[in-house]
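Novice: Residue numbers (my numbering): -12 to 140.
Can you read through this structure? Questions will come right after.
What follows is the structure, given as structure tokens:
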């Protein structure tokens, strides 16, 4: 009887072992590990994905939009000097922040985008009178640096 159990039992044990290993292996392959996930501004990108190449018209549209946003920030700085109405200026800055957060940013302009968002935060602090520079000259210097860095401004 022991001989017949070995004869018929081992193939079943081996079969279930192989099936279990295959199912476990399939789960390992289909579930990405923590090191394969990258979170960038609430979007998950897998390590297998290719970087998205943006068409030239999207890049030029981004450049136009950013030029417009920088002009708005400059006009807010000028407006703050003449009209200290913080509520209207705060609403404008919040609108610019939302616009920046909703933009699709070409990879080559990611640092620029972060710099402009930083400038927006500085303008917000300046309008709330929390800035070190009472005239906003530090903000204007940052804007001038960005304009000199990118020829299309």
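C-beta atoms are modelled at their ideal positions from N, C-alpha and C, and glycine is treated no differently.
All of these numbers come straight from a predicted model, not from anything done at the bench.
Let me make sure I understand the geometry here. Which of 46, 111, 99, 112 has the alpha-carbon closest to that of residue 131?
Specialist: The residue with the shortest Cα to Cα distance from residue 131 is 99.
Novice: With residue 110 as the anchor, note down where its alpha helix (DSSP H) starts and where it stops.
Specialist: Where residue 110 is concerned, the enclosing alpha helix (DSSP H) stretches over 97 to 114.
Novice: Please list the terminal residues of the continuous alpha helix (DSSP H) segment that includes residue 125.
Specialist: Segment 124 to 136, the alpha helix (DSSP H) holding residue 125.
Novice: Given residue 79, which residues of its chain have a CB within under 8 Å of its CB, disregarding the five upstream and five downstream residues?
Specialist: Cβ within range, chain order: 59, 63.
Novice: For residue 136 and residue 112, I'd like the C-alpha separation in whole angstroms.
Specialist: Using only the alpha carbons, I get a separation of about 24 Å.
Novice: Per DSSP, what kind of secondary structure is residue 28 in: helix, strand or coil?
Specialist: Per-residue confidence for residue 28 stands at a pLDDT of 46, beneath the threshold of 50, marking its modelled position as unreliable; no derived number is given.
Novice: Answer yes or no: do residue 95 and residue 129 have a C-beta to C-beta separation smaller than 8 Å?
Specialist: Result no, Cβ atoms of residue 95 and residue 129 do not sit closer than 8 Å.
Novice: Per DSSP, what kind of secondary structure is residue 92 in: helix, strand or coil?
Specialist: It is coil, neither helix nor strand.
Novice: Can you grab the Cα-Cα spacing for the pair residue 134 / residue 51, in whole Å?
Specialist: Each residue's alpha carbon lies about 13 Å from the other.
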